[in-house]
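At position 60 of the sequence shown (counting the first as 1) the number is 59 in numbering that gives the first Met the number 0, and the numbers step up by one without a gap.
We treat Cβ as the ideally placed atom computed from N, Cα and C, and that holds for glycine.
Worksheet: one structure, shown below.
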Amino acid sequence: MGSLPKNREFDMTDRDFDQIRQLASEFTGISLSEHKKEMVYSRLARRLRALDISEFSDYISYLRAHEREELGNFVNSITTNLTSFFRENHHFEYLSSTVIPELASQHKADKKIRGWSAGCSTGEEPYSVAMTLSEAPEFDMRSWDVRMLATDLDTNVLRHAKNGVYDLDRIKGIDESRRRKWFEHQKQDEKSVYHVSDKLKEKITFNQLNLMKPWPINGKFDFIFCRNVVIYFDKPTQKILFDRYADALNEGGYLFIGHSETLHGVTTRFKSLGRTIYRKVH
Ligand SMILES: C[S@@+](CC[C@H](N)C(=O)[O-])C[C@H]1O[C@@H](n2cnc3c(N)ncnc32)[C@H](O)[C@@H]1O
Numbered sequence: 000m001g002s003l004p005k006n007r008e009f010d011m012t013d014r015d016f017d018q019i020r021q022l023a024s025e026f027t028g029i030s031l032s033e034h035k036k037e038m039v040y041s042r043l044a045r046r047l048r049a050l051d052i053s054e055f056s057d058y059i060s061y062l063r064a065h066e067r068e069e070l071g072n073f074v075n076s077i078t079t080n081l082t083s084f085f086r087e088n089h090h091f092e093y094l095s096s097t098v099i100p101e102l103a104s105q106h107k108a109d110k111k112i113r114g115w116s117a118g119c120s121t122g123e124e125p126y127s128v129a130m131t132l133s134e135a136p137e138f139d140m141r142s143w144d145v146r147m148l149a150t151d152l153d154t155n156v157l158r159h160a161k162n163g164v165y166d167l168d169r170i171k172g173i174d175e176s177r178r179r180k181w182f183e184h185q186k187q188d189e190k191s192v193y194h195v196s197d198k199l200k201e202k203i204t205f206n207q208l209n210l211m212k213p214w215p216i217n218g219k220f221d222f223i224f225c226r227n228v229v230i231y232f233d234k235p236t237q238k239i240l241f242d243r244y245a246d247a248l249n250e251g252g253y254l255f256i257g258h259s260e261t262l263h264g265v266t267t268r269f270k271s272l273g274r275t276i277y278r279k280v281h
C-alpha cells in the first residue's frame, strides 16, 4: 500500500486508513480508493487538531465511542462538495425544451410538479432547477404547484444551501438578466454578496438525507437530479440507489446524472436518452 510521507503531524497507518475506508463506506456509501489517502489525511487532520488527538488510531476509537457527536463531523470531512450554478448546462436546456412542456401537458389536471436534487451540496443545483422551472412559460406560478426537494448528507453544505447567500465568484457564470431577477446584491463587511430571492427559496425544501438510509418521502417525483454523487460509490451501491430512484419516480420520470457517470451495466430500469439523461422504463 502507498504510505504517506514520514514525519507528519499525525500518524496514519495503512490499517487506520482501511478502517476509515470501512467507516466511510458503511455510513455514506462513499468508496475511498487508495489514491484518496492524502486527501483523507488532510481533511481529518483538522478533526484530530480540534479534538486534541495525536494519532488516527485514537481518532477512530473516539469516533466509534462518540458516534452521536462525531459522526456528522467525520461525514462532513470526507464528502466532496464541488458544484456550480447551471453546471452541465445541457441538462437545464433539456428541462426547458423537453421535460417541462411534456410535464405541463401531462399534469394539466392536478398542476403539480415535483423534482428532487439528491446530493444538492451548497444549493447551486436546486436553485438552477428552480430558476428554470420558474422561468418556464408553461407554468403560471399562481396556479401551478411546482416544488423541489433538495437533500444532502453533509450538514455544513446544507446550511449554506438553505441560506442561499453566494459570493460574486460563485454567481459569475449566471447571465446578467437572471442575476438581476433572482438575486439581491448586498454589501456584507465590504464584500459583495448575492442573496437568492425568496421567490426561489420558497419553491425548495432543504432536508438532510442519507441516500444509504430509508427515505422519509411521500409521493413520487417527475424528475430527479443526482449528479456527481454516485461517482464516489461502488457499482453494487449504485445499483441499489438507481433502482430506488426508479421506485421514487412517476412512470416515465427523468433521471439526470453526472457527466462521468453511467447507468450502463448497472440497472435496466432506465433507458438512456443520451448526454447522461435517462427515463424510467419500469
Ligand atoms: C460533488 S457534490 C455534487 C453536487 C451537485 N449535485 C452537482 O452535481 O453539482 C456531491 C454531494 O453528494 C453528497 N453525498 C455524498 N454521499 C451522500 C449520501 N450518502 N447521501 C446524501 N448525500 C451524499 C455530498 O455531501 C456532496 O455534497
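Taking the beta carbon of residue 207 as the centre, do at least 16 other beta carbons fall within 10 Å, making it buried, or is it exposed?
exposed
Going straight from the alpha carbon of residue 176 to that of residue 163, what length do you get?
18 Å
Opposite residue 7 in the DSSP bridges: which residues?
None, per the DSSP bridge assignment.
Within 8 Å: the Cβ of residue 152 and any heavy atom of ligand 1?
yes
Under a Cβ-count criterion, where at least 16 other Cβ atoms within 10 Å of its own Cβ denotes burial, should residue 125 be classed as buried or exposed?
buried
Can you tell me whether residue 280 is buried or exposed? The criterion is at least 16 other CB atoms within 10 Å of its CB, across all chains shown.
exposed
Top-ranked residue by Cα proximity to residue 112, from 138, 87, 239:
138
On the three-pair Cβ rule with 8 Å, is the segment 239 to 246 touching the segment 184 to 204?
no
Give a yes or no on whether the C-beta atoms belonging to residue 78 and residue 27 are separated by under 9 Å.
yes
Validate contact between the segment 5 to 21 and the segment 212 to 228 using beta carbons, cut 8 Å, 3 pairs
no
For residue 180, which option in 36, 194, 39 has the closest C-alpha, if you only look at C-alpha atoms?
Checking every option, the nearest Cα to that of residue 180 belongs to 194.
Starting from residue 270, trace the beta strand (DSSP E) both ways and give me its first and last residue.
Start and end: 269 to 273.
Closer than 8 Å to a non-hydrogen atom of ligand 1 - does that hold for the CB of residue 99?
no
Quick one: is residue 154 buried, meaning 16 or more other Cβ sit within 10 Å of its Cβ, or exposed?
exposed
Which residue marks the beginning of the alpha helix (DSSP H) containing residue 16, and which one marks its end?
13 to 27
Measure the CB-CB distance between residue 182 and residue 128 and report whether it falls below 9 Å.
Contact: no.
Is the Cβ-Cβ distance between residue 223 and residue 146 less than 9 Å?
Their beta carbons are not under 9 Å apart, which means residue 223 does not touch residue 146 by this criterion.
Can you round the beta-carbon distance between residue 95 and residue 49 to whole angstroms, since I take them to be within the 8 Å contact cut?
Not quite, the Cβ-Cβ distance comes to about 45 Å (not below 8 Å), so this is no contact.
Suppose you measure from the CA of residue 57 to the CA of residue 13; what does that come to, to the nearest Å?
14 Å
By a C-beta neighbour count over all protein chains shown, 10 Å radius and 16 as the cutoff for buried, is residue 106 buried or exposed?
buried
Beta carbon of residue 249: closer than 8 Å to some heavy atom of ligand 1?
False, no ligand heavy atom lies under 8 Å from that Cβ.
According to DSSP, what are the bridge partners of residue 115?
148, 223
Under a three-way DSSP split, which group does residue 252 fall into?
strand
Distance, residue 114 Cα to residue 212 Cα:
Taking the straight line from one Cα to the other gives about 20 Å.
Give me the Cα-Cα distance between residue 9 and residue 71, rounded to the nearest whole angstrom.
Between the alpha carbons of residue 9 and residue 71 lies a gap of roughly 21 Å.
Between residue 132 and the rest of its own chain, which residues show a CB-CB distance below 8 Å, the 5 nearest in sequence each way excluded?
So the qualifying residues of the chain are 94, 99, 112, 114, 138, 145, 147, 202.
Check each candidate in 109, 143, 150 and name the one with the smallest Cα separation from residue 120.
Just measuring C-alpha positions, the residue of 109, 143, 150 sitting nearest residue 120 is 150.
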